[in-house]
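This note's numbering puts the first residue of the sequence shown at 3, with every later residue one more than the last.
Here is the structure we will look at.
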Amino acid sequence: MNYKKLDDSYYLVQLEIGDEVISQLKSFALTHRVKSGFISGIGAIRDLTLGYYDRDKGVYIKKTFPRCYEVCTLSGNITYLGEKEPIIHLHGIFSDQDYSVIGGHLFEGTISAAGEFGVRVFPCMIQRKQTDADLKPIEIK
3 MNYKKLDDSY
13 YLVQLEIGDE
23 VISQLKSFAL
33 THRVKSGFIS
43 GIGAIRDLTL
53 GYYDRDKGVY
63 IKKTFPRCYE
73 VCTLSGNITY
83 LGEKEPIIHL
93 HGIFSDQDYS
103 VIGGHLFEGT
113 ISAAGEFGVR
123 VFPCMIQRKQ
133 TDADLKPIEI
143 K
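Written out as structure tokens, the structure reads:
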């Protein structure tokens, strides 16, 4: 992982081939003591695990996609459940060589060519609360 701090609240983060997206962005947030923020990104990714949240059942329905995909868009946030570990919550749209598009909540994915992310950090912490139905933002400190 490479990064450059552009100003007090914005980083450019470059992940390398073979890096797992969620774990690397979580590591970045821990290392730089990010209280909360927004993430956006593009690149190429493989071995995706995406999820769709079934509100009636209260669970994510997950599916793995083993091929390589273009990251058309990836966006989400950095929040906390408690104060120890950041939660990297990303949603994305991905396309394959047939120009077919898939999307959903990104649980896992490995960089296959490029991974370029903008991370806008906030001076406040966004806390989430676990409920039966979902993780919900509850307090901005």
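C-beta: ideal position from N, C-alpha, C; glycine also.
Supposed close pair residue i, residue j - CB separation, criterion 8 angstroms
i, j, result
"Cys126", "Ser38", "6 angstroms"
"Ile44", "Ala115", "Going by Cβ atoms, the distance from Ile44 to Ala115 rounds to 11 angstroms, so no, they are not a contact pair."
"Gly53", "His107", "4 angstroms"
"Ile89", "Gly105", "Actually they are not in contact, since the Cβ atoms of Ile89 and Gly105 sit about 20 angstroms apart, beyond 8 angstroms."
"Val15", "Val123", "That pair is no contact at about 11 angstroms."
"Glu110", "Asp21", "Between Asp21 and Glu110 the Cβ distance is about 12 angstroms, and since that is not below 8 angstroms, they are no contact."
C-alpha distance - residue i paired with residue j, whole-angstrom precision
i, j, result
"Lys6", "Tyr71", "26 angstroms"
"Tyr13", "Thr33", "13 angstroms"
"Ile128", "Thr51", "25 angstroms"
"Gly117", "Tyr55", "25 angstroms"
"His93", "Arg69", "18 angstroms"
"Gln99", "Gly78", "25 angstroms"
"Ile47", "Ser97", "10 angstroms"
"Ile140", "Leu27", "Caution is warranted here: a pLDDT of 47 is assigned to Ile140, below 50, making its placement in the model unreliable, and the coordinate value is therefore given only provisionally. Cα-Cα distance, rounded: 23 angstroms."
"Tyr62", "His91", "13 angstroms"
"Gly120", "Asn4", "12 angstroms"
"Ile24", "Phe40", "14 angstroms"
Terminal residues of the alpha helix (DSSP H) in which residue i lies
i, result
"Ile24", "23-33"
Residue interval of the beta strand (DSSP E) (run including residue i)
i, result
"Glu110", "103-124"
"Ser77", "61-82"
"Lys7", "4-9"
"Asp58", "That residue, Asp58, is in no beta strand (DSSP E); it is neither H nor E in DSSP."
"Gln16", "12-17"
"Gly20", "Per DSSP, Gly20 belongs to no beta strand (DSSP E) and is neither H nor E."
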